[in-house]
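A.B. asks: This is the structure I have questions about; it appears just below.
In the working numbering, the protein residues as written are 1471 to 1748.
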């Protein structure tokens, strides 16, 4: 359904008449990693169409509230920003998806290692993991169970590395394939689970070390900067003959400062390790 909507929007304007499709081949792998089932040129046309519409709409809204034709001069910049944000969205989504999978990887690997020690059939182990509540990782193992009937177990497992942009996931695939081939009970899978857990713990400690500075930045943007602006307006109007209209002040407090605060909150959210955000 999502892919069909993207294709419908992409077909509204045939931008490929002006821009060669081959220019966007670099996006195809990113789309696969982020599970967006469209071709690179379709995503590019979708990005340009939505970006142009959003840029025009944003400029018109700015002109309506400001009443200044100068707002329309920023139309090309607004279009470029919106197109770029949408065009490179798969890079962001693939990273988030990899983080989501890595969150569940230690528990899943430990469960697999334990079941191998119990001499359970390999297919049964993967089925248990796929139904074990491991989110995106469980879905990947469900795909493995479907693909193994056509491609074989080893190929189906290795395909996880083609769908997930995670070094830990690729290492896990290699260990699972080696385990499937040999049938020996090695400690490699459990060791990898420990490595992933240590990596996540390190990222959490780094975040805690920076969190106080991020909190100060939010306080500054949401409280101190608006207060300084109010002081500047009062003093400027009385001493410096500052000419700010009421609409300018409303715009600053109702749009600019809330947007700045929102940007800081989004930044803090993005810097929060996934293990702390769940």
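Cβ coordinates follow ideal geometry from the N, Cα and C atoms, glycine included.
1) With the cut-off set at 9 Å, would you say residue 1552 and residue 1500 are in Cβ contact?
2) With a CB to CB cut of under 6 Å and the five nearest residues on each side skipped, what residues in its chain are close to residue 1479?
3) Should residue 1525 be labelled buried (16 or more other beta-carbon atoms within 10 Å of its own) or exposed?
4) With a threshold of 8 Å, are at least 3 pairs of Cβ atoms found where one atom belongs to the segment 1679 to 1689 and the other to the segment 1655 to 1667?
5) When the Cα of residue 1578 is compared with those of 1685, 1605, 1496 and 1719, which residue comes out closest?
6) Are the beta-carbon atoms of residue 1642 and residue 1659 separated by less than 9 Å?
7) Use the C-beta contact count for residue 1521: other C-beta atoms within 10 angstroms, 16 or more gives buried, fewer gives exposed.
8) For residue 1743, collect the residues of the same chain with a Cβ closer than 6 Å to its Cβ; drop the 5 residues on either side in sequence, then sort them by chain order.
9) Can you tell me the Cα-Cα spacing of residue 1556 and residue 1498, whole angstroms?
10) DSSP three-state call for residue 1607: helix, strand or coil?
11) In the DSSP assignment, find the unbroken alpha helix (DSSP H) run with residue 1571 in it and report its ends.
12) If you run the structure through DSSP and keep just helix, strand and coil, what is residue 1749?
13) For residue 1610 versus residue 1586, is the C-beta spacing smaller than 9 Å?
14) Take residue 1646 and list the residues in its own chain whose beta-carbon comes closer than 7 Å to its own, dropping the five residues that flank it on each side.
15) Does the Cβ of residue 1568 have 16 or more other Cβ atoms within 10 Å, making it buried, or fewer, making it exposed?
16) For residue 1690, count the other beta carbons within 10 Å of its own beta carbon; 16 or more makes it buried, fewer makes it exposed. Which is it?
17) Can you have a look at residue 1508 and say buried or exposed, based on whether 16 or more other CB atoms are within 10 angstroms of its CB?
18) Exposed or buried, residue 1554, counting other C-beta atoms within 10 Å across all chains shown (16 or more means buried)?
19) Can you tell me the Cα-Cα spacing of residue 1513 and residue 1477, whole angstroms?
20) Are residue 1699 and residue 1727 close, meaning C-beta to C-beta below 9 Å?
21) Determine the direct distance from the alpha carbon of residue 1576 to that of residue 1662, and round the result to whole angstroms.
22) How would you call residue 1532, buried or exposed, if buried means at least 16 neighbouring beta carbons within 10 angstroms?
23) Just curious, the alpha helix (DSSP H) that residue 1504 is in, first and last residue?
24) Please confirm whether residue 1595 and residue 1613 have their CB atoms less than 9 Å apart.
25) Please confirm whether residue 1703 and residue 1719 have their CB atoms less than 9 Å apart.
26) Closest by CA to residue 1511, which one among 1496, 1503 and 1504?
27) Buried or exposed, going by whether 16 or more other CB atoms sit within 10 Å of the CB of residue 1697?
C.D. replies: By the coordinates alone:
1) no
2) 1516 and 1519
3) buried
4) no
5) 1605
6) yes
7) buried
8) 1673, 1674 and 1677
9) 14 Å
10) helix
11) 1559 to 1587
12) Missing from the structure shown is residue 1749; the chain here goes from 1471 to 1748 and no further.
13) no
14) 1627
15) buried
16) exposed
17) buried
18) exposed
19) 8 Å
20) yes
21) 8 Å
22) buried
23) Per DSSP, residue 1504 belongs to no alpha helix (DSSP H) and is neither H nor E.
24) no
25) yes
26) 1496
27) exposed
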